[in-house]
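Beneath this line is the structure, given in structure tokens, with notes to follow.
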Amino acid sequence: PIAIRREDYAAPGYWIDTVDLTFDLDPAKTRVLNRMRLRRNPDAPIQPLRLDGDELNLARVLVNGQGASFRMEGDQLVIDGLPYAEEGDFELEIFTTCCPIKNTKLMGLFVSEDTFFTQCEAEGFRRITYFLDRPDVMSTYTVTLRAAKAAYPVLLSNGNLVEQGDLPEGRHFAKWVDPFRKPSYLFALVAGKLVAREQRITARNGKEHLLQVYVRAGDLDKTEHAMNSLINSVLWDEARFGLPLDLDRFMIVATSDFNMGAMENKGLNIFNTKYVLANQATATDADYSNIESVVGHEYFHNWSGDRVTCRDWFQLSLKEGLTVFRDQEFSQDLCADASARAVKRIEDVRVLRTAQFPEDAGPMAHPVRPDSYIEISNFYTVTIYEKGAEVVRMMQTLVGRKGFEAGITLYFERHDGHAVTCDDFAQAIADANPESELARLLPQFKRWYSQAGTPRLAAHGVYDAQNRSYTLSVVQSCPPTPGQPTKEPFVIPLNIGLLDANGRELPIQLEGESEVTRGTRTVVLSRAGEQLTFVGLDAEPVPSILRGFSAPVILDFDYTDAQLLTLLANDPDPFNRWEAGQRLGLRAALQGIAALATDTTPVLNDAYIDAMRSVLRNPQLDAAFKELVLTLPSETYIAEQLDVVDPQRVHLVREAMRAQLATALFADWEKVYEENHDTGAYTPDPTSSGRRALAGMALNFLCLAARASGDTVWPGKTLQRFKDAGNMTDRFNALNALVSSGHTLAAQALARFHAIFKDEALVIDKWFSLQAGASDRGGDILPLVKQLMKHPDFSLKNPNRARSVIFSYCSANPGAFHRPDAAGYVFWSDRVIELDAINPQVAARLARSLDRWSKLAEPYRSAAREAIARVAAKPDLSKDTHEVVTRALA
Ligand code: DPP
Ligand code: ZN
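Adding 1 to a residue's 1-based position in the sequence shown gives its number in this note's numbering.
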């Protein structure tokens with residue numbers, strides 16, 4: 002396979018102005034007639050037309066109605082001797098067939114539960130017809146769908162329905178016209194037996210729109226939350242950024258077979274059922290919150306993605322980073338108070354640090370705007386999405402919220418209807434704010450797009466009693482990443498506050514400044530090393546640095562335990578308050594690991610336990626925030642802080658810490674449970690979901706403590722809770738408490754859970770995932786995972802189901818996966834190879850589980866390498882998996 006390089010970008014030799022597609026839908030043989038009007042791009046060299054195709058059967062090619070001479074070069078259809086520009090545009094007609102029922106890759110046209118769906122991003126349209134399948138070729142689409150009426154009563158495509166009717170032999174048709182020009186990756190069709198929840202809304206500008214959420218019959222009762230999220234999204238984008246819905250009709254359709262979370266096809270978003278279906282009996286609070294984010298995300302793409310798209314796939318973060326930022330802001334703006342907003346921010350940062358930081362430190366590290374790829378599907382990553390969103394967030398910090406809104410307005414004014422670059426975006430934000438630090442430092446700021454790796458800030462403070470000043474030295478660095486041995490300094494907006502020893506916020510005055518400010522100050526770092534001197538200080542302050550996580554960096558500061566306890570108890574910035582607790586927990590874990598603690602050694606000191614008790618008892622803090630503070634850093638996050646990782650040791654120490662928290666705070670957990678477990682009639686709002694989360698955590702610790710003490714009261718109560726729960730969150734938390742404490746009652750609860758929900762695929766995914774992700778005790782999880790794969794409900798072909806078992810084990814359960822006997826790695830390589838033959842995208846994702854193999858201690862390291870090499874040696878590996886494993890071994 003060859004690498005595609007960003008620097009090789011060239012505009013296409015032809016433009017495709019209109020596309021007229023006619024589908025005769027049949028699962029075994031779908032016929033596709035594609036009539037296009039093309040013209041030469043006068044700005045490109047004269048060249049043959051090369052159309053992309055993949056797994057198509059070609060029947061006919063006509064140019065202006067005449068048979069044309071063409072040839073195949075690999076997967077490309079090449080046509081020479083086409084009319085030149087001066088002869089005007091020309092018509093190209095291509096007739097192909099494909100086989101949707103055999104399409105297990107779920108790219109292009111596929112069948113899921115007797116319904117046709119498409120997925121075209123990034124390069125799936127070429128599996129439907131020959132095309133210039135690249136995002137800078139934008140066309141107007143007319144689509145006619147023809148199918149058997151009884152089997153496929155609903156026929157959908159992008160845009161507006163202009164005609165429909167019956168055909169002979171029980172068939173019918175529908176014709177759709179999308180008024181907006183779009184790249185091929187935004188094309189979609191759906192055909193099958195579906196029902197819709199509908200809602201008409203009037204936007205702020207008075208225009209009426211029809212919103213529809215299509216699902217299978219029987220699932221309509223699970224669409225209310227998705228619909229409400231969609232309505233909120235429409236209203237929010239108009240209110241916050243002045244971006245209205247531009248279509249008469251906006252449709253969401255759910256499918257249970259989907260590689261991604263969802264897809265923003267113009268006017269016809271296709272969703273994984275996981276991000277649509279919810280009612281209180283089947284979905285948890287986390288599901289509700291994810292649905293809100295993903296519905297928002299795909300809707301916001303209508304502007305940041307569809308109206309303005311990417312010139313090439315290297316610019317993917319142009320739409321994804323921006324749209325993640327927008328969905329994060331949306332979810333925060335829906336929060337009723339500052340505490341709920343902070344909780345959302347902490348959750349977002351936690352994802353970044355546990356998933357993106359390791360990516361940035363591993364073999365797949367790439368800049369937010371990559372320079373090359375073999376398979377673009379591998380670059381739908383946390384770097385492009387979450388780090389990309391942080392880059393946008395830093396721009397907002399640098400220009401202010403109003404300035405940022407002006408920048409967004411300018412961006413859409415300039416680029417509406419075009420395929421553009423990350424540079425275009427940054428330029429628009431800067432140009433709308435000519436006096437800002439962003440404008441002043443723009444070329445340097447854009448290193449966030451070009452340099453991979455997580456920057457590190459080493460900060461150190463010195464108090465000068467004589468001058469009543471405090472000098473903070475900050476040195477930034479960034480480690481080498483593949484292909485980038487050295488890095489230049491980044492522009493880093495650093496939010497800082499200072500507290501006195503009693504935890505009160507101090508006024509801030511930098512040396513040489515006349516003004517004194519209160520609260521948080523944003524300082525913009527741009528040099529490798531800088532010194533910040535704060536004056537007017539009667540004693541050494543406790544610095545609260547990187548408030549709100551103002552930049553995606555690692556901050557090293559030699560805090561004393563006492564300083565961290567002060568921040569944990571007092572910092573007015575909730576993010577840093579949480580962070581202080583995480584630092585204390587991490588410190589204890591690292592000490593325990595270095596000291597080779599056993600599972601009965603106390604790892605947490607009294608000060609830490611007391612601080613956690615104070616947090617739990619603090620009436621000023623919300624339950625959701627308490628739950629975050631009391632959650633220890635994950636095994637993955639702890640492992641990232643080590644040069645050499647023994648995953649079993651990390652697991653042992655973290656489990657010991659959990660056991661200690663359970664026992665030492667037993668009385669508090671009882672009280673917390675009593676106070677929080679009754680949240681009344683179910684609503685998924687942040688306050689009541691926070692209380693459910695904290696009650697669930699309490700139950701978990703109570704069952705864990707019971708395991709140590711032999712108490713049977715709390716496990717019994719937990720089982721009862723499991724049976725009586727009025728919503729899935731409480732039910733699942735109770736089940737989880739029994740399973741994760743390894744209690745004998747877990748077995749009957751699991752059996753009951755399966756029996757109740759056997760017809761709810763998304764709930765059965767949870768059932769699988771909980772077991773495959775459970776805490777390992779003596780190597781018991783791998784045999785269980787193998788058993789689960791033999792369960793009649795298991796299927797490797799359904800991505801959600803495969804993820805629920807295999808990914809929950811290989812990617813989300815390090816203590817069970819990294820076995821001294823290497824059996825976890827052997828299992829992994831077998832599954833990667835097996836999946837690769839079915840669905841390369843899912844296989845390549847699984848292949849990423851061993852990204853960090855080179856950090857492992859022996860015997861894990863050699864065994865992991867051997868497993869990767871075994872996959873790499875397999876002939877006929879997909880481009881997707883090949884790229885991941887060869888990079889891992891490089
Ligand atoms: N469907 C994916 C997303 O919305 C890719 N565009 O992020
Ligand atoms: Zn997206």
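Don't be surprised by glycine CBs; every beta carbon is placed ideally from N, CA and C. Given the structure is predicted, the values throughout are model-derived calculations rather than measurements.
* **Between the CA atoms of arginine 588 and tyrosine 471 - distance to the nearest angstrom** => 25 angstroms
* Helix, strand or coil at aspartate 679 [DSSP, three-state] -> coil
* To do: Report the rounded CA-to-CA distance for histidine 329 versus serine 294, giving the unit in angstroms.
  => Just to set this straight, residue 329 is glutamine in the shown sequence, not histidine. When rounded, the distance between both Cα atoms is 7 angstroms.
* lysine 176 - partner residues in DSSP beta bridges -> Thr145 and Glu164
* Terminal residues of the continuous alpha helix (DSSP H) containing valine 33? -> Note, valine 33: premise wrong, no alpha helix (DSSP H); beta strand (DSSP E) at 31-41.
* To do: Pick out whichever of Val806, Pro821 and Ser770 has its Cα sitting closest to the Cα of glycine 779.
  => Pro821
* Asked: Should the stretch 232-249 be regarded as contacting the stretch 303-320, the criterion being three or more beta carbon pairs within less than 8 angstroms?
  -> yes
* To do: Under 8 angstroms Cβ to Cβ from leucine 499, same chain only, skipping five residues before and after it: list those, please.
  => Tyr471, Glu506, Leu507, Ile509, Phe535, Leu538, Pro542, Val543, Pro544 and Ser545
* What are the uninterrupted segments assigned as beta strand (DSSP E) that are 3 or more residues long and contained completely in the stretch 395-476, given in chain order? -> 457-465
* Asked: Looking at C-alpha atoms only, which residue of Phe733, Gln281 and Pro648 is the closest neighbour of leucine 700?
  -> Phe733
* Would you check if the distance between the CB atom of leucine 1 and the CB atom of valine 492 is smaller than 9 angstroms? => Within the shown structure, residues of the chain are numbered from 2 to 891, placing residue 1 beyond reach of any answer.
* Compute the minimum distance between the beta carbon of glutamate 299 and the heavy atoms of the ligand ZN, and state whether it is under 8 angstroms. => yes
* Asked: Any residues whose CB sits closer than 5 angstroms to a heavy atom of the ligand ZN? List them in chain order?
  -> Glu321 and Thr324
* Asked: Which same chain residues, not among the five before or five after glutamine 333, have their C-beta less than 6 angstroms away from its C-beta?
  -> Arg342 and Lys345
* **Secondary structure, beta strand (DSSP E): runs of 3+ residues fully inside the stretch 484-547** => 493-500, 522-526, 530-535 and 543-546
* Which of helix, strand or coil DSSP assigns to asparagine 280 -> coil
* Asked: Taking 8 angstroms as the line, does the beta carbon of glycine 306 fall inside it for any heavy atom of the ligand DPP?
  -> yes
* Asked: With 16 as the cutoff for other CB atoms within 10 Å, does aspartate 1 come out buried or exposed?
  -> Absent from the model: residue 1. The displayed extent of the chain is 2 to 891, so no value can be given.
* **Where glutamine 48 sits in the DSSP three-state scheme** => coil
* Can you give the beta carbon distance from leucine 1 to alanine 431, rounded, assuming they're within the 8 angstroms contact cut? -> Any answer about residue 1 is impossible in this case: the structure gives the chain only from 2 up to 891.
* Asked: Would you call the CB atoms of arginine 135 and proline 13 closer than 9 angstroms?
  -> yes
* To do: Pick out whichever of Glu406, Ala668 and Glu360 has its Cα sitting closest to the Cα of threonine 482.
  => Glu360
* Asked: Touch check for the stretch 874-883 and the stretch 839-859: three-plus C-beta pairs under 8 angstroms?
  -> yes
* To do: Tell whether a beta-carbon distance below 9 angstroms holds between valine 604 and glutamine 649.
  => no
* Burial state of aspartate 349 (16 or more Cβ within 10 Å) -> buried
* To do: State buried or exposed for valine 163, treating a residue as buried only when at least 16 other CB atoms are found within 10 Å of its CB.
  => exposed
* Any heavy atom of the ligand DPP closer than 8 angstroms to the Cβ of leucine 537? -> Note that residue 537 corresponds to glycine in the displayed sequence, not to leucine. Not so, every heavy atom of the ligand DPP lies at least 8 angstroms from the Cβ.
* **Cβ-Cβ separation, lysine 875 to threonine 105 (assumed contact under 8 angstroms), whole Å** => The Cβ separation is near 18 angstroms, so there is no contact.
* To do: Check whether the Cβ of tyrosine 276 lies closer than 8 angstroms to any heavy atom of the ligand DPP, and answer yes or no.
  => no
* Could you tell me if the beta carbon of histidine 226 falls within a distance shorter than 8 angstroms of some heavy atom in the ligand DPP? => no
* Asked: Closest by CA to tryptophan 237, which one among Ala640, Phe331, Leu495 and Gly582?
  -> Phe331
* **Proximal residues to glutamate 265 (C-beta, below 6 angstroms), its chain only, five neighbours per side dropped** => Glu299, His302 and Gly306
* Check each candidate in Ala29, Trp670 and Gly166 and name the one with the smallest Cα separation from aspartate 695. => Inspection of the sequence shows that residue 695 is occupied by leucine rather than by aspartate. Here the closest residue by C-alpha is Trp670.
* Asked: Cβ of glutamate 265 within 8 angstroms of any heavy atom in the ligand DPP?
  -> yes
* Asked: Got a sec? Which residues, its chain only, sit under 6 angstroms from valine 651 by beta carbon, not counting five neighbours each side?
  -> Glu636, Ile639 and Ala640
* **Opening and closing residue of the beta strand (DSSP E) in which phenylalanine 71 lies** => 71-74
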